[in-house]
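A quick write-up on the structure given underneath.
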Amino acid sequence: MSNTEEKKQDSTTHKIGIYLWIWGLLFVLSFFSYMVDWYQFQGMLRWSLILFFMFLKAGLIMAFFMHLFWERYALVNVLLWPMTAIACFIFLMVSEFKYTVFTRFFYFVVGG
Amino acid sequence: MSDPKIEGFELKPGFSGMAKDTASDQTMFKGVHWGKAMMWIFLLSDTFIFSCFLISYMKGRGSTIVDWPNASEVFGLHVFGVDVPLLLIAIMTFVLITSSGTMALAVKYGYERNKKMCGWLILATAIGGLTFVGMQAFEWSKLIHEGVRPWENPFGAPQFGSFFFMITGFHGTHVTFGVIFLFIYAYKTFAGHYDEGKRGWFTTMKGDYVEIEILGLYWHFVDLVWVFIFAFFYLW
Amino acid sequence: MSDEYENKTGYQAQSSESIASGSIGSGVASDSDYVRPAENAEQDLYHGHSFITKWVFCQDAKVIGVQYFLLATFTGVIGLVLSWLMRLQLGFPGAAGFMTAEHYYQFVTMHGMIMVVYFLTALFLGGFGNYLIPLMVGARDMVFPYLNMVSFWSFFVAVAVLLASFFVPGGPTGSGWTLYPPQAILEGTPGSGMGIILMCVSLILFVAGFTMGGLNYLITILQARTRGMTLMRMPLTVWGIFTATVLAMLAFPALLVGSLMMMLDKLLATSFFMPTILKAGEVLEYGGGSPILFQHLFWFFGHPEVYIVALPAFGIVSDLISVHSRKNIFGYRMMVWAIVGIGALSFFVWAHHMYVSGMNPWFGFFFATTTLIIAVPTAMKVYNWILTLWRGNIRLNVVMLWCLGFIVTFVNGGITGIFLGNVSVDVPLSDTYFVVAHFHMVMGIAPLMVIMGAVYHWFPLVAGRFLNETLGKWHFWLTFLGAYSIYFPMHYLGFIGVPRRYFEMYDSPYMTSAVGMNEFISTAAFIVGAAQFILIFNIIKTLKTGKPAGHNPWQANSLEWLTPSVPPEHGNWGEKLPVVHRWPYDFSVPGAKEDYITQTTPPSEVKDTAVEKT
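Residue numbers (our numbering), protein chains in the order written: chain A, 6 to 117; chain B, 115 to 350; chain C, 190 to 803.
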């Protein structure tokens, strides 16, 4: 393996600035998402802000700290496509819990 | 990382490059060390584990007809006579992000074969992780003190405690394993195992600085999972 | 320590000139034979010295494969014996004096779990995967041999824990292999104490161990192929095992999560899956959980699991059919995409196992649609197998018999699958023997036939000797006819409404209407089970006295037959890694000297033939 690694040597490191930038950005975003709770935003505003900051942070970590931004598309696509199965699972479980809570209210509260 | 040079093979960018890489012989991920590819696939599998945990949490929380406890009060701290919501969690998040940053720099210095810098940064990461685990232990003991149990809690739906202890416990286990390996790797870096290609203790494989990047991937993943747990469990 | 390692870096040609002259044994070197140089440096292997490092804690994928094979077979025999006991009770109630209803449920559960997870999955991926992947892609070993060894020993511990549950107070769990809560962990279900806990622990260990192995299979296939071996030149066996491993890596997490949560429900009295339960007028401590969540998690694992078993079988049988009918596989790329497509779709169909579970009623539409879509790539594969056979130069040996048996059985099981995929048909047939017949046909007998065919096919490679053909034919016909005698009548039992998982039929009408058929099925089951010992006898007999096979006895093309020594040694390829120039299906090429052209034959040697460019 050593040969490929040595070949890789010269091209793999990035300027320190990019890491420091992302680092700083992550701090700021975490601070913002904490502020969402601090100011007690509620409702749609809260959920969308939480999700927005979450995905932004996750994206930054994956793209720059885990170097996915610089990886070749073959690897990136292999890693991201399986998430459709998770998305489908989430989507279906959302409608499932709505149905469960509906039946529970229907039979426990309204009376069965 | 950025494109390597491969004899007899021209690397193309974007989707045409993807097609060409996939159709080529020998390797699909060009220039990626097999250990790194293996760690990525492991992390993909681990993502599914955490996704299943969080999906279960969503289903459990969504279908309970008892009120869910207000996270921002439950996890609040009382400091200097003021109630600060989620203070401890915020600090934990900052600690973990700090350690993630030091790890990213350790990987960078590892590839530059800067043994000293790399070693110290790994050690800093390990200490960050240790702090995180310590704070989590503090958080757990505080909640247990307040009567939160896996099977019940005084604030609302009993599933709250169940999911809390299970998910943060599973994440904490990941952090703990990461910390153990960080200390081992810090030692190996300082001892120069990666410079001279010394063989591993069990695996008898030659050491290389790519191992730092592999460990880094794991560590960033732990941070990544925390981003989701923070959003869904503490803020939601 | 240094003599343990062979540094083979020098063996690999690094520039195009040395390759052009080096890789071709005979004939004129030409540009058409050029294969670009190696990207990866040679793997250095750890060669064991002592008995322990050579045969017990061994890092050679081939030995690990055989270890997996033997341990999985051992567990499979236990599963077989359990099925005998069940059939004894069903066919001749009361004949086994010690058998109570509790025992029956425990046997059902353990039979199912053992056969699906610890037998078929371990055998296909652990056994065949470990042995064949490095050989077929031209690697010296798995990329991370140490982890591979740990994988097997995790599996070993998992099996030990599973079997230990037979000896704990209360016995093994009796909740059915699906382990549905709430009954799995409530008093009254057999093995609801230690039994279910050990089952969950065993599953978690299995998943952990399997993840280690699976990472090795995937990365070996993706990152450690030999020169010239593109993905579309891999044998379909490797494609099947590869896709199945991908499914396993993404589906087992759901099982792990489900097992862990159920264990917490049992040990810490959490209520992940436990709703409020009234028992004898008393409210239990559980409350508010969602039993259906477990079913979703379980089947999010469980359905891909079906394909984890089926896809390697699809792949292996394609290779066997191609080799033994001396024809290229019909529609190779279509076969690959069908495997990949089935694998991808299998993550979107899980709740067709849950039509009667009380889930959101709208799901039936979604899941019936996706389920029926899977029939398309599957049917494509069946057509392609048949078209491969069509006008082939068929050798009607034991291997081919098993393949033909597989096709017939798989079509049969697949068609009943289309019945059950439709909600309106599934609802009355749910939990009857029709379902039992369906899944035994499609994921029990059919993959088993492929395993048998594969054993007869690759035994000459592993042991260097042929298995006995006459015994093999007895084995095949007894198994094939016997399996049909078992499962064909079961469809009918299902249609008349006999429910599954019943200890006996008591005073129901089935007591009279189904009793003769049950006796017949049970008798057939005893014979089929006993017939499997023919194979074990055959293996033991031929290990020493069989006809020596020599190199490439089947005139196959793929790399595993082209090793310098048979059986292959640790490191597989001797001095030099093979260089691949074509796919493994160049059989009966017009103009060629022989009816097969191996994957390593360079184009300059077959210039005058009508060989396809692959």
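We treat Cβ as the ideally placed atom computed from N, Cα and C, and that holds for glycine. Keep in mind it's a predicted model, so treat the numbers as computed, not measured.
Minimum Cβ-Cβ distance from residue i to chain B less than 8 Å
{"i": "G286(C)", "result": "no"}
{"i": "V446(C)", "result": "yes"}
{"i": "I408(C)", "result": "yes"}
{"i": "V106(A)", "result": "yes"}
{"i": "M325(C)", "result": "no"}
{"i": "L457(C)", "result": "yes"}
{"i": "S210(C)", "result": "The pLDDT assigned to S210(C) is 40, lower than 50, so where the model puts this residue is not dependable; a value taken from the coordinates is nonetheless given after this. For S210(C), the answer is no, since every Cβ of chain B falls outside 8 Å of its Cβ."}
{"i": "Q484(C)", "result": "no"}
{"i": "M71(A)", "result": "yes"}
{"i": "M569(C)", "result": "no"}
{"i": "M3(A)", "result": "The structure shown has nothing for residue 3(A), since chain A only spans 6 to 117."}
{"i": "M438(C)", "result": "yes"}
{"i": "T400(C)", "result": "yes"}
Cutoff 8 Å: residue i Cβ touching any chain C Cβ
{"i": "K312(B)", "result": "no"}
{"i": "F1(A)", "result": "No statement about residue 1(A) is possible, as the shown extent of chain A runs from 6 to 117 and does not include it."}
{"i": "S100(A)", "result": "yes"}
{"i": "F96(A)", "result": "no"}
{"i": "W148(B)", "result": "yes"}
{"i": "I120(B)", "result": "yes"}
{"i": "P183(B)", "result": "no"}
{"i": "P264(B)", "result": "yes"}
Nearest-angstrom Cα separation, counted from residue j out to residue i
{"i": "K52(A)", "j": "A626(C)", "result": "Strictly speaking, residue 52(A) in this sequence is Trp, with Lys absent from that position. Between W52(A) and A626(C), the C-alpha separation is close to 48 Å."}
{"i": "V83(A)", "j": "N761(C)", "result": "30 Å"}
{"i": "V247(B)", "j": "A311(C)", "result": "36 Å"}
{"i": "T668(C)", "j": "Y645(C)", "result": "15 Å"}
{"i": "L259(C)", "j": "G265(C)", "result": "10 Å"}
{"i": "V106(A)", "j": "T178(B)", "result": "7 Å"}
{"i": "G314(B)", "j": "K320(B)", "result": "6 Å"}
{"i": "D352(B)", "j": "Y323(B)", "result": "No answer is possible for residue 352(B): the residues shown for chain B start at 115 and end at 350."}
{"i": "Q140(B)", "j": "G122(B)", "result": "12 Å"}
{"i": "G360(C)", "j": "R276(C)", "result": "20 Å"}
{"i": "T245(B)", "j": "D337(B)", "result": "14 Å"}
{"i": "E240(B)", "j": "L331(B)", "result": "Just to set this straight, residue 240(B) is Ala in the shown sequence, not Glu. One C-alpha to the other measures close to 14 Å."}
{"i": "T400(C)", "j": "L425(C)", "result": "22 Å"}
CB contact check: residue i to chain A, cutoff 8 Å
{"i": "T245(B)", "result": "no"}
{"i": "V341(B)", "result": "yes"}
{"i": "M632(C)", "result": "no"}
{"i": "F278(B)", "result": "no"}
{"i": "M548(C)", "result": "yes"}
{"i": "F536(C)", "result": "yes"}
{"i": "V800(C)", "result": "no"}
C-beta neighbour in chain E for residue i, strict 8 Å
{"i": "I211(B)", "result": "The question asks about chain E, but that chain is absent: this structure's protein chains are A, B and C."}
Any residues in the stretch 192-204 of chain B with a beta carbon nearer than 8 Å to a beta carbon of chain A? Which ones, in chain order?
P199, L200 and A204
Touching or not, the stretch 332-340 of chain C and the stretch 655-674 of chain C, by the rule of three or more beta carbon pairs under 8 Å?
no
Can at least three beta-carbon pairs, one atom from the stretch 732-748 of chain C and one from the stretch 311-330 of chain C, be found at a separation below 8 Å?
yes
Segments assigned alpha helix (DSSP H), at least 4 residues, entirely inside the stretch 660-715 of chain C
699-702
Measuring CB atoms only, is the stretch 251-269 of chain C touching the stretch 309-324 of chain C, in the sense that at least three cross pairs come out at less than 8 Å?
yes
Along the chain, which unbroken stretches of the alpha helix (DSSP H) at least 4 residues long are found entirely within the stretch 606-646 of chain C?
612-618 and 622-629
Under 8 Å, with one C-beta from each stretch per pair, do the stretch 628-646 of chain C and the stretch 686-706 of chain C reach the 3-pair mark?
no
For the stretch 73-90 of chain A, list every residue whose C-beta sits within 7 Å of some C-beta in chain C, in sequence order.
P87 and A90
Would you be able to state if there are at least three C-beta pairs under 8 Å between the stretch 400-414 of chain C and the stretch 284-299 of chain C?
no
Report yes or no: do three or more beta-carbon pairs, one from the stretch 235-253 of chain B and one from the stretch 423-431 of chain C, lie closer than 8 Å?
no
Which residues, taken in chain order from the stretch 123-154 of chain B, show a beta carbon closer than 7 Å to some beta carbon of chain A?
G128, F129, G131, M132, D135, T136, M142, F143, K144, G145, V146, H147 and W154
Count Cβ pairs between the stretch 190-197 of chain B and the stretch 501-510 of chain C that sit closer than 8 Å; are there 3 or more?
no
Counting pairs of beta carbons, one from the stretch 267-284 of chain B and one from the stretch 212-225 of chain B, are three or more of them closer than 8 Å?
no
Does the structure place the stretch 35-55 of chain A close enough to the stretch 90-106 of chain A that three or more beta carbon pairs sit under 8 Å?
no
Counting beta carbon pairs with one atom in the stretch 52-70 of chain A and one in the stretch 229-236 of chain B, are three or more of them shorter than 8 Å?
no
Three or more C-beta pairs under 8 Å: does that hold for the stretch 565-585 of chain C against the stretch 526-545 of chain C?
yes
Can you pull out the residues from the stretch 471-501 of chain C whose beta carbon lies closer than 8 Å to at least one beta carbon of chain B?
E474, G476, G477, G478, S479, L482, H485, L486 and F489
Would you say the stretch 480-494 of chain C touches the stretch 440-459 of chain C, given that touching needs at least three Cβ pairs under 8 Å?
yes
Entirely enclosed alpha helix (DSSP H) segments - the stretch 85-115 of chain A, minimum 4 residues
88-109
Contact between the stretch 180-189 of chain B and the stretch 282-291 of chain B (3+ Cβ pairs under 8 Å)
no
Does the structure place the stretch 414-424 of chain C close enough to the stretch 223-240 of chain C that three or more beta carbon pairs sit under 8 Å?
yes
Count the CB pairs spanning the stretch 463-471 of chain C and the stretch 533-545 of chain C that are closer than 8 Å, and state whether there are at least three.
no
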